[in-house]
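A.B. asks: Below you will find the structure I want to go over with you.
Numbering (the working numbering), first residue to last: 17 to 281.
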């Protein structure tokens, strides 16, 4: 069987390393590759995937919403979220799922056992943000707040969250227990950060869904401030394991997946 991850850019992705290590540990003669697909060529996606004879693929930035019109069926979760990160191909039909949110929440629950009672702020309103907000709403007792630069981005959200402009976040930031950055700021060793964290309550858990670099500038700021930090590695591992289960109906070797990625990081 053959699988891939599609995105733009994609060379930073450790998905091939992680999945191929999992295949090897389970003695499966499968292969996983990374495909860089420029948005201006995305209308050729059916041909691109067909040429490689894939059985399934993952989707990352910036294609998680763009893929939806090309699907034959979509899971209820992915439909509500409005973003897809996993596609299974059966009998030339494409089935879309979203494992991002459940993957992140599974790891976050291990990090923060009282997750159901936490007051949570999510920064950014893209596909990953939707997935995480949706998964958190299923278990959290409080309204989930999502902040974005442009509030019009929430017009296509199909479930309720509290919304806020990023400009207003500094006024309310200390009312939250957990802050989660879902924006791409900080990737590729960038020193850019979505928010200045100087002076926030040290009890706040600060999270970033990016895992390369292992500590973004956002997390470095928080750590220097005395906050506990949590990056996107577990989300990456768990969403990948869930994708593997969707494709093959088998359980992934999570320990091998995580240890392999850690070696590369």
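All C-beta atoms in this analysis are idealised placements derived from N, C-alpha and C, irrespective of residue type, glycine included. Computed from a predicted model, the values in this text were never measured in an experiment.
Below 6 Å CB to CB, which residues in the same chain sit around residue 255 once its five sequence neighbours on both sides are set aside?
C.D. replies: Annotation for residue 255: 115, 116, 119 place their beta carbon closer than 6 Å to its own, counting only its chain and skipping 5 residues before and after.
A.B. asks: At which residues does the alpha helix (DSSP H) containing residue 197 begin and terminate?
C.D. replies: Premise fails: residue 197 lies in the beta strand (DSSP E), 194-197, not in any alpha helix (DSSP H).
A.B. asks: Pick out whichever of 172, 215, 262, 247 has its Cα sitting closest to the Cα of residue 241.
C.D. replies: 215
A.B. asks: Assuming residue 245 contacts residue 277 (C-beta within less than 8 Å), just tell me the rounded distance between them.
C.D. replies: 18 Å between Cβ atoms; not a contact.
A.B. asks: Is the separation between the beta-carbon of residue 32 and that of residue 50 shorter than 8 Å?
C.D. replies: yes
A.B. asks: Taking 8 Å as the cut-off, decide whether the C-beta atoms of residue 146 and residue 97 are in contact.
C.D. replies: yes
A.B. asks: Determine which residues share a DSSP beta bridge with residue 109 and list them.
C.D. replies: 106
A.B. asks: Does DSSP classify residue 181 as helix, strand or coil?
C.D. replies: strand
A.B. asks: May I ask which residues mark the beginning and end of the alpha helix (DSSP H) holding residue 224?
C.D. replies: Looking at the DSSP string, residue 224 is not in any alpha helix (DSSP H); the run it does join, the beta strand (DSSP E), is 221-224.
A.B. asks: Residue 160 and residue 194: beta carbons closer than 8 Å?
C.D. replies: no
A.B. asks: At what residue ranges does the region 68-143 contain a whole run of the beta strand (DSSP E), taking only runs of 3 or more?
C.D. replies: Within the region 68-143, complete beta strand (DSSP E) segments of at least 3 residues are found at 72-75, 102-106, 109-113, 136-139, given in chain order.
A.B. asks: Is it right to say residue 74 is buried, meaning 16 or more other beta carbons lie within 10 angstroms of its own, or is it exposed?
C.D. replies: buried
A.B. asks: Give every residue of the same chain whose Cβ lies closer than 7 Å to the Cβ of residue 150, excluding the five residues on either side of it in the sequence, and list them in chain order.
C.D. replies: 93, 96, 97, 117, 175
A.B. asks: According to the Cβ coordinates, are residue 224 and residue 235 closer than 8 Å?
C.D. replies: yes
A.B. asks: Who are the near neighbours of residue 143 in its chain, counting only those whose CB is closer than 6 Å to its CB and skipping five residues on each side?
C.D. replies: So the list reads 80, 81, 99, once near-sequence residues are dropped.
A.B. asks: Please tell me whether residue 21 and residue 76 are closer than 8 Å, where the distance is taken between their beta carbons.
C.D. replies: yes
A.B. asks: Alpha carbon to alpha carbon, how far is residue 192 from residue 186?
C.D. replies: One C-alpha to the other measures close to 11 Å.
A.B. asks: Is the beta carbon of residue 122 less than 8 Å from the beta carbon of residue 131?
C.D. replies: no
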